[in-house]
Each structure stands twice: as C-alpha cells, then as structure tokens.
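For reference, the structure is listed below as structure tokens.
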Amino acid sequence: MRRGWRGRCFESVDSGQFSPSGGRTLERRARVIALYLPQFHPIPENDLWWGKGFTEWTNTAKAKPLFFGHRQPNLPADLGFYDLRVPDVREEQARLAQCYGVEAFCYYYYWFNGKRLLERPLDDMIRSGVPDFPFCLCWANGSWTGIWHGAANRILQEQTYPGREDDERHFHEVLLPALSDRRYLKIDGKPLVAVHAPQELPHGRALTDTWRRLALAAGIGEIHLLGFGPQGYWRPAEQGFDSGCSANLPGLRPWVPWSRPVRKLRFKVQHWLRRPTIYRYREESLRLLDAQLHADFFPVVIPNWDNTPRSGRKGRVLHGAHPDLFGAMMRAAIAKVAHRTPGQRLIILKSWNEWAEGNYVEPDLEFGHGWLEAIADAVLKDG
6 MRRGWRGRCF ESVDSGQFSP SGGRTLERRA RVIALYLPQF HPIPENDLWW GKGFTEWTNT
66 AKAKPLFFGH RQPNLPADLG FYDLRVPDVR EEQARLAQCY GVEAFCYYYY WFNGKRLLER
126 PLDDMIRSGV PDFPFCLCWA NGSWTGIWHG AANRILQEQT YPGREDDERH FHEVLLPALS
186 DRRYLKIDGK PLVAVHAPQE LPHGRALTDT WRRLALAAGI GEIHLLGFGP QGYWRPAEQG
246 FDSGCSANLP GLRPWVPWSR PVRKLRFKVQ HWLRRPTIYR YREESLRLLD AQLHADFFPV
306 VIPNWDNTPR SGRKGRVLHG AHPDLFGAMM RAAIAKVAHR TPGQRLIILK SWNEWAEGNY
366 VEPDLEFGHG WLEAIADAVL KDG
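Positions in the sequence shown are counted from 1; adding 5 to them yields the working numbering.
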C-alpha cells in the first residue's frame, strides 16, 4: 500500500537523510541512482536517419498493442511530451526525483572517437548549474543501430576504440567538466563514473588506468569506476573497475527444456503467433536480482520493460508490470545492500525515462505517480 508521497519534497544531504517541507527528518535506506536518457530533443543525425523532429517520443506515441492485454501506448502524465532543451523540464524532473527519494541521475552520454551525440541536456545542465541535483555519468559505449525502427543490423554510428589518445581526449572533453562540478555524485568520497558495456572495451585496463591517472593529475583525486556486466561472467577488477552491476533482463526467444512443458509451450505459441517475447513481470521481477550479490556488485531494479515501440514483434515485454510488484523488487534490492556501509548501499534504477523501452518511473497516464511512490515507500523511513 502506497503512502501518498506526492507533493512532499525532500532535500538531499550528505548524511543520507531528507528533510520534508513539513520539517520531519526521513532517513534513506539506500541510495537510488536513476539512469537518465537524453534522447528527448531533435538532432541533425536523427533528422537524417529517421525524419525531421525524431526523438524518443516518436516511437513511444505511435505504439500499438500487439496481443490481448498489451498496455500500449504508454503515455506521459505530468511532464507531457517534453523537450530536454527546455530548462524548466530538467528542473521539474529533478524536483520529482528529489520528492520521491531518488538521490541522483546517471546521465547516459555518447562518445564516438571524438564525436558526441545528444550532448545538449548534459552540457546545458553543467553550464547553467541547474537543476541543483546530484548527477553522474555513464558512457553508453555501444554502436548506434537501426533498432528503433526494427532494423537492428543497420549501423548508423559505429563505436570504435582507437586507444590512449582518444581516451585522454574523452576524459578532458567530457569527464573532467562533469567531475569538477560540485553536484557530482560520490561513493565514499570518490566520483562515480560508469561504462555501459565494459566487456566491449578491447583495452579496458589501459582505459581505466588512463582515466585514473588524469583524474589525479587534474586534482579530482581517486574515482570509482562502475561497469555494467553480468555477475559471474564479468569480473570488474580484471579491467580496472571498482564495481559492477547487471540488469539480468531475460533473453529474446529463450530456449526452454521440455522438462518445463508449460513454459516451453508458452514461448512456442508466442513464436507461432508472431508475438513479442513475453514474460510475466510477477514471475520474473525478483529473478532479475542476483540471488547472491557479490561484494563488488550493486543491484539493478527494473520497474517495467516493453521495447515493442522500438522493436515491434521482435521486442521483449515484462507483461503485467505494476507499481506494487516493483515495490517488492525495491524492498528485495534494499535487503541485499542493507549490511553495507551507508555510502555503499547503491541501487541502480533502470531507468528514469526510457519511454520507448517501456522502462521509466516518470508519471504516466495509467499509474500516475505510482512508480515513484513505490520507490519512496521502499527507500524512505522516519529517522
């Protein structure tokens, strides 16, 4: 049962507590860091590839249900079809996050051998100093493909890894201005920098060594490097990372043995009927969390997932996602880090605003502030 946090704002403080407008002190059980997508403003490249004015909203708004009970389209409520070039939008996003116990946004950014894409929201935020809300960065280091229009094999912008000179330029042009900002998020005094696909780095150890050296030389000090990789298959320390995390999304068209006949038949029927790959959120949500979390891994929580607006019948759906079920996942994730020191109780929220993947917690027309209330109910408690 959600307690109705709507409209009650909280101010982040270093002690891990919040002060609501009514004066009561609320303690944070964990540090929720929300992945933040900047794909909500037009850029020349997307205009060329997909047509004038293309943004994340293009596919979100035109989505259609593909099977009985399929909830599409998912449409925004309070913030509407926003444009991230507008400062008021970014300030309202930060206010909402703060109200419901999210500590920081982790901005995806894009770097392709000196070329940046979708950089304006991040650059404007750093340049202007608003919103006054903690943030960190995650390098989304994959190639851009045509997956948004069901053409996953079409390469639009290839990711390459030229080596040290590019790594140094990358640090100075993107990371250093952010790391120098007083709002930048820290773990035990170290700024947090994330890489979305560290296993794709051909010279991971050399890259992390370079960034650490440059951070020290610039007076930033030690940095904390987080990589997104599957626990058990990827070891952060081997590539010079401090920690890891894994979303554990179930696979597309999974192989299921006949020893599980009901599940086997369900996926075969989906394939015969040309449906997306459908999982039941109620069954999968807690499986998305690693049963035994390694000491150098942080849990990832996923409120919902439906990327059919991008991928159509080749998409993947966590069907029946609901704020109450997400709340249970939040509580399970918090339990996995409760024994850690307060600064290390990180939970990665995937995601704040991935609307075309049906992966968001911003207010929507179906549940209102329900996703955000689930976070607040799980994370905030009376001090």
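The beta carbon of each residue, even a glycine, is placed where N, CA and C say it ideally should be.
Limits of the unbroken alpha helix (DSSP H) element including residue i
i	result
tyrosine 2	Absent from the structure is residue 2, since the part of the chain shown begins at 6 and ends at 388.
tyrosine 284	Looking at the DSSP string, tyrosine 284 is not in any alpha helix (DSSP H); the run it does join, the beta strand (DSSP E), is 282-285.
phenylalanine 59	Taken as a continuous stretch (DSSP letters only), phenylalanine 59 belongs to no alpha helix (DSSP H), as it is neither H nor E.
leucine 127	125-133
arginine 336	328-342
leucine 122	Leucine 122 -> not in any alpha helix (DSSP H); beta strand (DSSP E) instead, spanning 120-122.
leucine 53	49-55
Neighbourhood of residue i by C-beta distance below 7 Å, restricted to the same chain and skipping five residues each side
i	result
isoleucine 160	Ser148, Thr150
glutamine 44	Thr60, Glu61, Leu123
asparagine 358	Tyr41, Leu42, Tyr365, Glu367
glycine 234	Pro203, Gln204, Gly249, Ser251
lysine 69	Gln77
alanine 183	Ile131, Leu142, Tyr189
Euclidean distance between Cα positions of residue i and residue j
i	j	result
phenylalanine 73	proline 328	21 Å
aspartate 214	valine 306	30 Å
proline 255	leucine 293	8 Å
alanine 109	tryptophan 116	22 Å
tryptophan 277	tyrosine 284	Note that tryptophan 277 has pLDDT 49, beneath the 50 cutoff, so the model's placement of it is unreliable and no number is given.
aspartate 172	glutamine 236	26 Å
asparagine 118	aspartate 382	43 Å
lysine 120	lysine 57	21 Å
isoleucine 38	glycine 232	14 Å
phenylalanine 23	leucine 385	Here phenylalanine 23 scores only 48 on pLDDT, less than 50, and its place in the model should not be relied on; the value that follows carries that caveat. C-alpha separation (whole angstroms): 8 Å.
proline 49	arginine 95	22 Å
serine 185	lysine 319	42 Å
alanine 222	leucine 181	11 Å
arginine 217	proline 139	21 Å
leucine 370	alanine 326	14 Å
alanine 338	alanine 199	20 Å
aspartate 137	arginine 280	44 Å
leucine 80	alanine 66	7 Å
tyrosine 114	glycine 226	22 Å
tyrosine 112	glutamine 164	18 Å
leucine 142	leucine 101	20 Å
proline 92	aspartate 129	8 Å
glutamine 244	arginine 210	4 Å
proline 314	tryptophan 144	24 Å
Where the beta strand (DSSP E) through residue i begins and ends
i	result
aspartate 171	Careful: aspartate 171 lies outside any beta strand (DSSP E), inside the alpha helix (DSSP H) at 169-175.
isoleucine 352	351-354
arginine 318	Careful: arginine 318 lies outside any beta strand (DSSP E) and carries neither H nor E.
Bridge-paired residues (DSSP) for residue i
i	result
phenylalanine 302	Gly249
lysine 386	Glu32
proline 235	BP columns for proline 235 are empty, so no partner.
isoleucine 38	Ala109, Ile353
leucine 230	Val198
glutamate 359	Asn364
phenylalanine 117	Lys120
phenylalanine 369	Residue identity differs from the one stated: residue 369 is aspartate in this sequence, not phenylalanine. Its beta-bridge partners are Pro81, Gly373.
histidine 2	Residue 2 falls outside the range modelled here, since the chain spans only 6 to 388, and no answer is possible.
aspartate 93	Paired residue(s): none; aspartate 93 is not in a bridge.
proline 88	Per the sequence shown, residue 88 should be read as aspartate rather than proline. Beta-bridge pairing links aspartate 88 to no other residue.
aspartate 295	According to DSSP, which records beta bridges pairwise, aspartate 295 is partnered with nothing at all.
CB contact below 9 Å: residue i versus chain C
i	result
phenylalanine 233	Absence of chain C from the displayed structure is noted, only one protein chain being present.
Sequence-distant residues of the same chain with beta carbon closer than 6 Å to residue i, five excluded per side
i	result
alanine 252	Val305, Lys355
asparagine 51	Phe59
isoleucine 311	Checking the sequence, you will find aspartate at residue 311 rather than isoleucine. Here the set comprises Val322, Gly363.
Own chain, CB closer than 8 Å to residue i, minus 5 neighbours either side, in chain order
i	result
asparagine 158	Thr150, Gly151
valine 242	According to the sequence provided, residue 242 is alanine. The question's valine does not apply to it. These residues qualify, in order along the chain: Asp301.
leucine 298	Gln236, Pro304, Lys341, Val342
Residue i: CB within 8 Å of a non-hydrogen atom of the ligand ZN
i	result
glutamate 288	For the structure depicted, the ligand ZN is absent and the ligand set is empty, with no information on it obtainable.
Ordered list of beta strand (DSSP E) runs contained in the stretch 135-222, each at least 3 residues: Those beta strand (DSSP E) runs which fall completely within the stretch 135-222 and span 3+ residues are 140-144, 149-151, 156-162, 195-200.
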